[in-house]
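Novice: The numbering of the sequence shown is my numbering, which starts it at 10 and goes up by one.
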Amino acid sequence: MSSYPPPSPPPSNPGPPNYGQYPPNPTAYNRDVWKAQQRAIKQQARAQRDLARMQMRAMRRRSIVGPLFLLALGIVFLLGQTGRLSYAQAALWYSRWWPLVLVAAGMVLLTEWAIDHSIRASDSPYRGRVLGGGVVVLLVLLAIAGVGSRASISALEWKDTHFGSGFPGFDVALGERHDFDDSLSSPIAAGNCLLIRNPHGDVTVTGSSDDGQVHVTVHKEAFARSDDAAAMKENALQPTFSHDGMTLTLNVATVEGGQADLTVQVPRTTMLTVRADHGDIDIQEVHAAVSISANSGDVSLSGIDGVVNAHVNDEHASFAAHSVTGNISLDGRVDDITVTDVKGPVTLAGDFFGTTHLEQINGPVTFQTSRTKFQAARIDGDFDVALDSELEANQVMGPVTLSTRDRAITLDRVQGNVEITNRNGAVSLTNASPVGQIAINNSHGSVDVGLPGGSGFMVNAQTKNGDVENDFGLKQQGSDDWPTLTGMVGNGGPNVKIITTDGDITVRKAMVAPLPPVAPPPMISVAPMSPVPPVPMAKLPKLPKLPKAPAAPAAPAGRDD
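What follows is the structure, given as structure tokens:
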């Protein structure tokens, strides 16, 4: 069958084949050329990008943060090796202030940036500085070390507070509690000092001994998993007396899983030094100097006739002193503080984490923390510092100096010179006659001052972004943004200078009675304790062990009760 359409006829004179055509397939050739061109373009772009990166890296300069930190670390290790620096103290400091490392690094980088921009020409590109990878790793490691050390110290403080020093947890958790009571006595000469050391346990001291001896009653607690181990701990917890010149020492050894609570009766005129690591301290009716060192536990004093020096290092502990004739000095870390009816100076300096209450202090008062500093000549009323932002005082004899921040201040019936510095809080002052020099420098808060109506003084008050009001007929001056109040009231006299911002100023009349020249008698006092003759406690003999009960006979086979 023939095809359709029919094939074309062969050429009449076919020539030789065309072997000179190149490429044989023009379409495939054009596609390969285009791909080669695209690859060349990509390689050129990649080379240009790499060249630009190299140029940028060449323009950058290394920061001096790394060398500075290496220099600082070298100095620290050098001081440690030469004995001029304690590694323990350095680690404790670093655990608290390690963020300063990052602050210092940022300050150095910011300073370098400012210097580079100040010396760079306007038409030249900026050559930035970079931190090397090693410096970044070093900063990260220093930050991790700071966080870890702070967490470790907090965990150890929590353990010491709740379980005591050392690691007696197995005996306390798995052992059985054993209680023992005992007593001992020792003579002490008049005017000598009694030193009490008790690492674990409460200490109670009363000046009720009238026979020239120190009488001690001890209650011992021992956690142990056997009677023999408890007996060994009981013997180790036995207090001992030792004499060294004019000092009689009552010492209790450190026993893991054990503590000794001491009740001590001393002659009333015996000087005391008490050191307790884990336990409360209570001292009553001692007419001599008292020195206290407490690391974990509350401190209570009453009826003390002598100088009191106390160091407390427990932010969860409280300090209370009542009816003290003599100086009181407290420093360290304390939670709540209560000091009332004191005839002598009171000095409180440290970190206080709770409320502070002072009442009827017949002597100079100094209260100083990292946030607040207060001084006064006498407090007939009370002085309260709250945990948050309140500071109140009334019936205070000047000169009064107060410097603080972020507090609302209320001082009522203050007599004498007054100087107050505050920010981010209101200030209210009521001054009693006669008016003294008053200087109030506040910012971001109003100021209210009450002055006796019949007194004479000079007023100079100004505020920014606030109003000025007064009850003494003085006219407001200045601009709307900076109103001022100046003038003489009565026959003039002491200067009353008030400056604040973002708050109003009010100078009002107040009818306040002056404070008496002598402090009033205390509202409450501690009655003197009648001497109680000591009653020695005889050591009770140990009860014999009960014989073990015979074993029950075995149940007969086949019975299931």
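Quick reminder that beta carbons are idealized off the backbone N, C-alpha and C, glycines included.
For Asn39, which three-state DSSP category applies?
Specialist: Asn39 falls in the helix class under three-state DSSP.
Novice: Following the continuous alpha helix (DSSP H) through Thr609, name the residue where it begins and the one where it ends.
Specialist: With the chain represented from 10 up to 570, any question about residue 609 goes unanswered, as that position is not in the structure.
Novice: Count Cβ pairs between the segment 256 to 275 and the segment 210 to 228 that sit closer than 8 Å; are there 3 or more?
Specialist: The segment 256 to 275 vs the segment 210 to 228: in contact.
Novice: Can at least three beta-carbon pairs, one atom from the segment 306 to 319 and one from the segment 234 to 249, be found at a separation below 8 Å?
Specialist: No, the segment 306 to 319 does not touch the segment 234 to 249.
Novice: Taking buried to mean at least 16 other C-beta atoms within 10 Å of its own C-beta, is Lys229 buried or exposed?
Specialist: It counts as buried.
Novice: Would you mind stating whether Leu420 and Phe383 have Cβ atoms separated by less than 7 Å?
Specialist: No, they are not a contact pair.
Novice: From Pro177 to Pro76, what does the alpha carbon distance come to, in whole angstroms?
Specialist: Any reading at Pro177 must be qualified, since the residue scores a pLDDT of 47, below 50, and its modelled position is unreliable; no value is offered.
Novice: When you compare the segment 310 to 318 with the segment 334 to 345, are there three or more beta-carbon pairs, one atom per stretch, that lie closer than 8 Å?
Specialist: Yes, they touch.
Novice: Roughly how many whole angstroms lie between the Cα atoms of Arg387 and Ile290?
Specialist: Going by the C-alpha atoms only, they are around 28 Å apart.
Novice: Give a yes or no on whether the C-beta atoms belonging to Leu363 and Gly288 are separated by under 7 Å.
Specialist: The residue you asked about is not Leu; residue 363 is Gly in the sequence shown. No. Outside cutoff.
Novice: Give the single residue among Ala441, Gly454 and Leu396 whose Cα lies nearest to the Cα of Pro408.
Specialist: For the residues Ala441, Gly454 and Leu396, the minimum Cα distance to Pro408 belongs to Ala441.
Novice: Applying the criterion that 16 or more other CB atoms from any shown protein chain within 10 Å of the CB defines a buried residue, is Val351 buried or exposed?
Specialist: Counting Cβ neighbours within 10 Å, Val351 comes out buried, since at least 16 surround it.
Novice: Which residues mark the beginning and the end of the beta strand (DSSP E) in which Arg517 is found?
Specialist: Looking at the DSSP string, the run of the beta strand (DSSP E) that includes Arg517 is Ile514 to Ala519.
Novice: Tell me the DSSP secondary structure of Met241 in three-state form.
Specialist: In the structure shown, Met241 sits in a helix (DSSP, three-state: H, G or I).
Novice: Considering Ala448, what are the terminal residues of the beta strand (DSSP E) in which it resides?
Specialist: Segment Val436 to Asn450, the beta strand (DSSP E) holding Ala448.
Novice: Tell me whether Pro125 sits in a helix, a strand or coil according to DSSP, three-state version.
Specialist: In the sequence as presented, Pro is not what sits at residue 125; that position holds Asp. Correct three-state label for Asp125: helix.
Novice: For a test of the three-state rule: what should DSSP assign to Met467, helix, strand or coil?
Specialist: Of the three classes helix, strand and coil, the one that applies to Met467 here is strand, per DSSP.
Novice: Give the list of continuous beta strand (DSSP E) stretches no shorter than 3 residues that lie fully inside the segment 227 to 312.
Specialist: List check, beta strand (DSSP E) in window: 249 to 253, 256 to 260, 267 to 276, 280 to 287, 290 to 295 and 299 to 303.
Novice: Rounded to the nearest angstrom, how far is the Cβ of Gly459 from that of Ala519, given a contact under 8 Å?
Specialist: The pair is a contact, with the Cβ atoms about 3 Å apart (cut-off 8 Å).
Novice: Under the three-state reduction of DSSP, which class applies to Arg48: helix, strand or coil?
Specialist: Here Arg48 sits in helix by DSSP.
Novice: Would you tell me roughly how many angstroms separate the C-alpha atoms of Ile205 and Ala152, rounded to the nearest one?
Specialist: One C-alpha to the other measures close to 43 Å.
Novice: Alpha carbon to alpha carbon, how far is Arg432 from Ile124?
Specialist: Going from the Cα of Arg432 to the Cα of Ile124 covers about 35 Å.
Novice: In three-state DSSP terms, what is Gly502?
Specialist: In the structure shown, Gly502 sits in coil (DSSP, three-state: anything other than H, G, I, E or B).
Novice: Have a look at Leu60 and Gln53 and give me their C-alpha separation to the nearest angstrom.
Specialist: Distance between the alpha carbons of Leu60 and Gln53 is about 10 Å.
Novice: Looking at the unbroken alpha helix (DSSP H) that takes in Gly75, where does it start and where does it end?
Specialist: Gly75 -> alpha helix (DSSP H) spans Val74 to Gln90.
Novice: Mind listing, in chain order, the continuous beta strand (DSSP E) runs of no fewer than 3 residues lying wholly within the segment 343 to 401?
Specialist: Entirely contained in the segment 343 to 401, the beta strand (DSSP E) runs reaching 3 residues are, in chain order, 346 to 352, 355 to 361, 365 to 370, 374 to 377, 382 to 385 and 387 to 394.
Novice: Among all the DSSP beta bridges, which residues are the ones paired with Gln485?
Specialist: According to DSSP, Gln485 bridges with Leu494.
Novice: Near Lys506, what residues of its chain come up, given a Cβ to Cβ distance below 6 Å and the 5 sequence neighbours on each side ignored?
Specialist: Only Ala448 and Asn469 meet the Cβ criterion.
Novice: Counting C-beta neighbours from all protein chains within 10 Å, is the total for Ser163 16 or more, i.e. buried, or is it exposed?
Specialist: So Ser163 counts as exposed.
Novice: Let me know the secondary structure DSSP gives Arg62 once reduced to three states.
Specialist: Three-state result, Arg62: helix.
Novice: Go to Pro416, then tell me how far its beta strand (DSSP E) extends in each direction, as first and last residue.
Specialist: A small fix is needed here, since residue 416 is Arg in this sequence, not Pro. Arg416 -> no beta strand (DSSP E), and no H or E assigned at all.
Novice: For His296, which residues in the same chain have their Cβ closer than 7 Å to its Cβ, ignoring the five residues on either side in sequence?
Specialist: Answer for His296: Gly216, Arg277, Thr278, Asp314 and Gly315, listed in chain order.
Novice: Ordered along the chain, which non-local residues of its own chain (more than five positions away) have a Cβ less than 6 Å from that of Asp323?
Specialist: For Asp323, where only same-chain residues beyond five positions count, the Cβ hits under 6 Å are Ser305.
Novice: What does the alpha-carbon distance come out to for the pair Arg284 and Leu203?
Specialist: Those two C-alpha atoms are separated by around 11 Å.
Novice: Determine the closest residue to Asn504 out of Val444, Pro525, Thr515 and Ile514, with distance taken between C-alpha atoms.
Specialist: If we check each option's Cα against that of Asn504, Val444 comes out closest.
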